[in-house]
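S.K.:
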């Protein structure tokens with residue numbers, strides 16, 4: 004089994020910025036770490052392989068072209084909800100994408116994806132899985148800003164109590180934006196804290 008979203012720090016391209024929350028704090032609840040890195044995701048895809056866009060002449064080739072702009076200013080999140088039924092865990096989180104970033108994404112030629120993964124350098128969740136999950140695609144439009152990211156994980160048999168507790172803890176996950184090669188160009192942590200007010 005391929006590692007579940009293993010994060011490999013790149014010395015050539017690493018930018019860290021604060022993930023802005025709705026309240027003022029000396030230590031904001033999350034960080035945004037942006038880099039081109041392998042995620043360990045397999046080749047499985049959702050029904051729509053890539054987001055669609057009505058724009059014919061797209062000024063951006065890849066989401067990598069403006070990856071430094073994909074931060075907590077442009078994407079905010081609800082609390083990550085994790086549920087389990089038998090050997091399937093479902094991860095679900097609402098993201099709010101700014102009009103500015105939506106316009107850029109709609110103007111991008113190559114596909115982009117979204118996924119959840121382990122914290123940097125960890126394999127806490129990877130070790131609980133039978134296989135790597137499919138990446139997520141969404142169809143953007145210029146009317147809606149809120150989108151639900153939902154991903155299912157196929158679990159190993161007979162998890163211990165400690166393993167199940169780790170599985171159900173949002174702090175053990177990151178949220179990633181991936182480019183066309185399924186390399187992470189932006190990584191959000193702090194998913195146990197919502198940065199948008201309403202996620203319904």
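Numbering (the numbering used here), first residue to last: 4 to 203.
Glycine included, every Cβ here is placed at the ideal spot set by N, Cα and C.
Because the structure is a prediction, the values reported are computed rather than measured.
Can you tell me whether DSSP reads residue 192 as helix, strand or coil?
M.R.: Stepping through the chain shown from its first residue, residue 192 is reached at position 189. Here residue 192 sits in coil by DSSP.
S.K.: From residue 115 to residue 180, what distance separates their C-alpha atoms?
M.R.: Looking up residue 115 in the chain shown gives position 112. Looking up residue 180 in the chain shown gives position 177. Near 7 angstroms, if we compare the C-alpha coordinates of residue 180 and residue 115.
S.K.: For a test of the three-state rule: what should DSSP assign to residue 79, helix, strand or coil?
M.R.: In the chain shown, residue 79 corresponds to position 76, counting from 1. Of the three classes helix, strand and coil, the one that applies to residue 79 here is strand, per DSSP.
S.K.: Is residue 198 buried or exposed, if buried means 16 or more other CB atoms sit within 10 Å of its CB?
M.R.: Indexing the chain shown from 1 puts residue 198 at position 195. Answer is buried; the Cβ neighbour count reaches 16.
S.K.: What residues in its chain sit with their C-beta under 6 angstroms from that of residue 94, if we drop five residues either side in the sequence?
M.R.: As a working mapping, residue 94 is identified with position 91 in the chain shown. Excluding residues within five positions, the ones whose Cβ falls inside 6 angstroms are 85, 119 and 154.
S.K.: Give the list of continuous beta strand (DSSP E) stretches no shorter than 3 residues that lie fully inside the region 116-171.
M.R.: Qualifying beta strand (DSSP E) stretches, in chain order: 116-121 and 149-157.
S.K.: Could you check whether the Cβ of residue 79 sits closer than 8 angstroms to any heavy atom belonging to the ligand SAH?
M.R.: This structure does not include the ligand SAH; it has no bound ligands of any sort.
S.K.: Let me know if residue 190 comes out buried or exposed under the rule of 16 or more other beta-carbons within 10 Å of its beta-carbon.
M.R.: Along the chain shown, read from residue 1 onward, the residue named residue 190 stands at position 187. Classification of residue 190: buried, given that the 10 Å Cβ count is 16 or more.
S.K.: What do you reckon, are the CB atoms on residue 61 and residue 125 nearer than 9 angstroms?
M.R.: For the purposes of this step, residue 61 is taken as the residue at position 58 of the chain shown. For the purposes of this step, residue 125 is taken as the residue at position 122 of the chain shown. No.
S.K.: Decide yes or no for the touch test of the region 97-105 against the region 132-139: beta carbon pairs closer than 8 angstroms, at least 3 of them.
M.R.: In short, these stretches do not touch, since the Cβ pair count stays below three.
S.K.: Determine the contact status of residue 108 and residue 177, defining contact as a CB-CB distance below 9 angstroms.
M.R.: Sequence index remark: in the chain shown, residue 108 carries index 105 (1-based). Sequence index remark: in the chain shown, residue 177 carries index 174 (1-based). Not closer than 9 angstroms, so no.
S.K.: What did DSSP end up calling residue 95 once you bin it into helix, strand or coil?
M.R.: Translated into the one-based positions of the chain shown, residue 95 becomes position 92. Strand at residue 95.
S.K.: Going by the DSSP bridge assignment, what does residue 86 pair with across the sheet?
M.R.: Counted from its first residue, the chain shown places residue 86 at position 83. DSSP lists 93 as partners of residue 86.
S.K.: Using the three-state DSSP reduction, which class does residue 198 fall into: helix, strand or coil?
M.R.: Numbered from 1 along the chain shown, position 195 holds the residue referred to as residue 198. Reduced to three states, the DSSP call for residue 198 is coil.
S.K.: Can you tell me whether residue 174 is buried or exposed, with buried defined as 16 or more other CB within 10 angstroms of its CB?
M.R.: Taking the chain shown and counting its residues from 1, the one referred to as residue 174 is at position 171. By the neighbour-count rule (16 or more Cβ atoms within 10 Å), residue 174 is not buried but exposed.
S.K.: Looking at residue 128 and residue 82, is the spacing between their C-beta atoms short of 9 angstroms?
M.R.: Numbered from 1 along the chain shown, position 79 holds the residue referred to as residue 82. Numbered from 1 along the chain shown, position 125 holds the residue referred to as residue 128. In this structure, residue 128 does not lie closer than 9 angstroms to residue 82 by Cβ.
S.K.: Can you tell me where the alpha helix (DSSP H) with residue 181 in it begins and where it stops?
M.R.: Numbered from its first residue, the chain shown carries residue 181 at position 178. No alpha helix (DSSP H) holds residue 181; the beta strand (DSSP E) holding it covers 176-181.
S.K.: Compare the Cα-Cα distances from residue 135 to each of 172, 71 and 121 and report the closest residue.
M.R.: In the chain shown, counting from the first residue as 1, residue 135 sits at position 132. Closest option to residue 135, Cα to Cα, is 121.
S.K.: Pull up the DSSP beta-bridge partners for residue 103, would you.
M.R.: The residue labelled residue 103 in the question sits at position 100 within the chain shown. For residue 103, which the question treats as bridged, DSSP gives no partner whatsoever.
S.K.: Quickly, what does DSSP pair residue 111 with across the bridge? List them, please.
M.R.: One-based indexing of the chain shown puts residue 111 at position 108. 63, per the DSSP bridge assignment.
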